[in-house]
Each structure stands twice: as C-alpha cells, then as structure tokens.
Amino acid sequence: MTDSRPVRTWLTDMDGVLVREEDPIPGAKEFIAALREQEIPFLVLTNNSIFTPRDLRVRLLRSSGIDVPEDSIWTSALATAQFLDEQRPGGSAYVVGESGLTAAVHDIGYVMTDQEPDYVVLGETRTYSFEAITRAIRLINDGARFIATNPDPSGPSVQGMLPATGSVAALISTATGRQPYFIGKPNPLMMRSALNRIEAHSETTVMIGDRMDTDIISGLEAGLRTILVATGATERHQVRDFPYRPTMVVDSIADVVPMVGQMLLPEGSGEVI
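Just add 90 to wherever you are in the sequence shown, counting from 1, and you've got the numbering used here.
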C-alpha cells in the first residue's frame with residue numbers, strides 16, 4: 091500500500107475478522123490489545139442486532155478472550171436507533187427483535203407500541219413469530235414506515251445456517267409491496283455514524299472486514315481505506331469478481347497488528363489486488 095496518510099482510527103468487523111463462531115481468530119486479541127495499549131480510537135462493528143454492546147463484550151471475553159470495551163462496540167441496532175432519533179425524535183415504533191434492538195430504541199426515548207406506530211423496526215431474532223410478522227405487515231399496510239437493521243439474508247449458528255433479517259424483510263416486502271430502509275452494512279450510513287461516534291475522519295481511518303459485499307463496499311463508499319482479511323466470507327480468488335477493490339488483502343488480522351504500532355499502512359504488507 092503506497093498511501094502514506096497516517097491511520098489515527100480503526101474500524102473492524104467482528105465475525106470473520108476477530109472471531110469465527112465462538113472461536114478467536116489468531117491475531118485478534120493482539121490487535122485489540124495493541125489499539126488499547128496505544129490509546130488509538132477504534133470501534134468493532136457488527137450487523138448483529140440481537141445483543142447489546144454489554145452482552146457482546148462479555149461474550150467476546152468469555153468465549154474468545156478478546157477484551158473489547160463496551161463503548162467500543164457499534165451495532166446495527168445502535169445505528170438504527172440513532173437514525174430514528176435524528177429523523178423523528180420522540181417517536182414510536184413496533185419492534186420485532188431482541189434485547190439489543192429493543193434496548194437501543196428504548197434508550198432514545200421511543201415508545202414501543204403496536205398501535206399506530208411511526209415505524210415498524212425489524213431486527214434479527216432467533217424466535218421470529220408468525221404473529222409478530224403478521225402484525226408488522228398490517229401496520230406497514232396501515233402506513234407505518236418500514237426500517238430494518240441490516241440486509242443479511244442468513245447467519246451462522248452451531249447447528250447451521252439461520253434465516254436473518256434480510257430474509258424476513260423480504261417476506262414482509264412481498265406481502266406489503268413496501269421495501270425497508272436498511273441501516274446496517276453495506277449502507278455507508280453505518281460507517282458514518284461510527285466515525286462520528288469516535289470523532290474520526292474518513293481520510294485517516296481504515297475499515298477491516300471479511301466480506302466484499304458489506305464491509306468493503308460500505309467502507310469504500312464512506313471514503314475509508316479498506317483491508318480485506320481472508321478468514322471469512324470472501325476468499326482471495328473471489329475479490330477479482332467484484333467491480334471494486336479493497337485497498338489491501340491480507341491473510342488474517344494477525345497481519346494488521348504491526349501496522350497499528352507504525353500508525354501507517356506500509357507498502358508491501360499485503361497483497362494489493
């Protein structure tokens with residue numbers, strides 16, 4: 091990488107970059123430790139809206155030994171709540187989701203109701219109910235605005251693939267003819283909200299991700315330099331299939347650890363596609 095601009099802040103995806111299921115990816119603990127030791131601002135981003143930042147911090151620490159402060163975790167639920175607060179302060183919403191989303195919506199002062207809400211807000215949950223989906227469809231048909239935390243069609247579990255927010259959103263859209271506004275990646279709004287949270291500038295921030303179609307494109311569209319790690323969804327040979335490129339491709343987050351100390355992205359640290 092030939093860009094010599096300093097890297098003052100870092101954004102990184104979680105699944106596929108720091109952890110795989112519940113297991114830490116080699117170099118992840120060292121990467122977070124290096125950022126914290128040098129007091130470099132950073133955020134761990136995730137489209138997962140099930141858990142609160144506090145939940146995710148405990149899960150990362152207990153299962154993977156990765157110590158990420160609660161205020162350094164930015165979820166699609168938090169980004170969605172911030173968007174709602176900016177668009178319609180003090181509004182109301184019918185929320186389909188779990189504690190990560192309901193807590194975020196509650197904390198901005200929203201009323202959660204199934205009676206003429208301003209919004210229907212769809213997030214990820216492991217217990218989608220036909221009753222809740224039917225209620226969401228009827229409310230949208232009656233005029234509620236449709237928001238979804240992220241467009242991911244599926245997610246992993248120890249038992250195998252699970253339908254995620256995008257799949258349920260498609261069901262609701264088919265029934266209503268209304269498309270949701272997705273807040274999470276690949277919407278660059280998620281990146282912009284993260285940058286604002288840590289008072290960072292896009293020109294001196296790098297986004298690390300494992301998916302070309304979410305992490306890399308959202309970082310690119312937000313004006314960030316991007317690093318793709320080959321430990322997740324997108325494999326090295328697949329990068330050439332996309333009409334856009336990451337700034338750098340590396341084997342894993344372990345290859346990024348030396349860059350933190352240098353505060354620059356040195357040429358030759360990874361394979362530029």
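Ideal Cβ placement from N, Cα and C applies to all residues, glycine included.
None of these values were measured; they are calculated from a predicted model.
Unbroken alpha helix (DSSP H) run spanning residue i, endpoints
i: I307; result: 307-311
i: V347; result: 347-352
i: M280; result: 278-287
i: F220; result: 220-231
i: G190; result: 189-197
i: I262; result: 255-266
i: R126; result: 118-127
Member of the options whose CA lies at the smallest distance from the CA of residue i
i: A312; options: L125, R330, R95, L101; result: L101
i: T170; options: T239, P116, T136; result: T239
i: A254; options: M104, F121, N137; result: N137
i: E206; options: R235, M251, E293; result: R235
i: I273; options: I288, G267, D300, D242; result: D242
i: E160; options: R144, T217, E120, L168; result: R144
i: P348; options: Q128, T264, E188; result: Q128
i: T316; options: V185, D305, E325; result: D305
i: Y218; options: P270, D232, A323, V185; result: V185
i: G190; options: S182, L168, Y209, G181; result: L168
i: S283; options: V158, G180, V97, S162; result: S162
i: V329; options: F121, M302, Q352, I343; result: M302
i: L310; options: P131, I230, N277; result: N277
i: F220; options: V258, M202, H196; result: V258
i: L174; options: T264, V201, S308, V339; result: V201
i: G322; options: G250, L229, S342, G267; result: S342
i: Y209; options: G187, S182, T215, Y271; result: S182
i: G267; options: N231, M280, L285, V346; result: N231
i: A320; options: R95, V97, S94, R110; result: R110
i: L150; options: G180, Y334, K119, Q177; result: K119
i: G106; options: E289, A260, L279, G245; result: G245
i: R228; options: A265, G250, M251, E214; result: A265
i: T192; options: T324, L212, P179, T337; result: L212
i: T379; options: S94, F132, H196; result: This structure leaves residue 379 out entirely; the chain is present only between 91 and 363.
i: M297; options: T99, S94, R95; result: T99
i: Q172; options: I237, R326, D300, E325; result: I237
Where the beta strand (DSSP E) containing residue i begins and where it ends
i: D103; result: 99-103
i: L108; result: Segment: none, L108 is in no beta strand (DSSP E) and carries neither H nor E.
i: R315; result: 315-319
i: T165; result: 163-165
i: D158; result: The residue you asked about is not Asp; residue 158 is Val in the sequence shown. No beta strand (DSSP E) contains V158, which DSSP labels as neither H nor E.
i: Y184; result: 182-186
i: Y209; result: 209-212
i: G299; result: 295-299
i: V134; result: 132-136
i: A238; result: 235-238
i: M338; result: 338-340
Check: residue i C-beta below 7 Å from any heavy atom of the ligand HEM
i: I306; result: Among the ligands in the structure shown, none appear at all, so the ligand HEM cannot be discussed.
8 Å contact criterion, which residue i and residue j should meet: CB distance rounded
i: M104; j: V148; result: Not a contact, Cβ separation roughly 14 Å.
i: A226; j: I262; result: 6 Å
i: V350; j: L125; result: 6 Å
i: V370; j: T294; result: Shown here, the chain extends from 91 to 363; a query on residue 370 therefore has no answer.
i: L314; j: M281; result: 7 Å
i: V346; j: F121; result: 6 Å
i: E188; j: T215; result: 5 Å
i: I288; j: P131; result: 4 Å
_Measuring CB atoms only, is the region 144-154 touching the region 106-117, in the sense that at least three cross pairs come out at less than 8 Å?_
Yes, since at least three Cβ pairs between the region 144-154 and the region 106-117 fall closer than 8 Å, the two stretches touch.
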